[in-house]
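What follows is a set of notes on a single structure, which appears directly below.
In this note's numbering, the protein residues as written are 253 to 330.
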């Protein structure tokens with residue numbers, strides 16, 4: 253779907269920053285909405301969607317266990 257969104261879990265990346273998560277969320281929302289940058293009247297909805305996708309992504313990465321290991325990121329991080 254979005255070729256510019258990279259895999260954000262081990263073993264593909266050793267550490268995932270908040271910036272990585274937000275960049276992936278932005279690319280996803282851009283692809284889904286069809287807008288690179290929304291018009292002013294859509295900016296709030298666009299920004300809210302990016303924040304929601306980033307939070308869902310962080311939650312997913314916090315809870316993933318790869319091959320019997322531990323969660324990728326400590327829950328306190330975010």
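Using N, Cα and C, we set each Cβ at its ideal position, and we do this for glycine too.
These figures come from a predicted structure and were not determined experimentally.
Taking all protein chains shown into account, do 16 or more other C-beta atoms lie within 10 angstroms of the C-beta of residue i, making it buried, or fewer, making it exposed?
{"i": "residue 305", "result": "buried"}
{"i": "residue 311", "result": "exposed"}
{"i": "residue 268", "result": "buried"}
So, helix, strand or coil for residue i, using DSSP?
{"i": "residue 317", "result": "strand"}
{"i": "residue 312", "result": "helix"}
{"i": "residue 264", "result": "coil"}
{"i": "residue 269", "result": "coil"}
{"i": "residue 298", "result": "helix"}
{"i": "residue 284", "result": "helix"}
{"i": "residue 306", "result": "helix"}
{"i": "residue 276", "result": "helix"}
{"i": "residue 292", "result": "helix"}
Counting only the same chain and skipping the five closest in sequence on each side, list residues whose C-beta sits under 8 Å from that of residue i.
{"i": "residue 297", "result": "290"}
{"i": "residue 274", "result": "302, 306"}
{"i": "residue 264", "result": "258"}
Excluding sequence positions up to five away, which residues of its chain have a Cβ less than 7 Å from the Cβ of residue i?
{"i": "residue 272", "result": "260"}
{"i": "residue 334", "result": "There is no way to answer for residue 334, as the model of the chain reaches only from 253 to 330."}
{"i": "residue 308", "result": "none"}
{"i": "residue 277", "result": "302, 305, 306, 309"}
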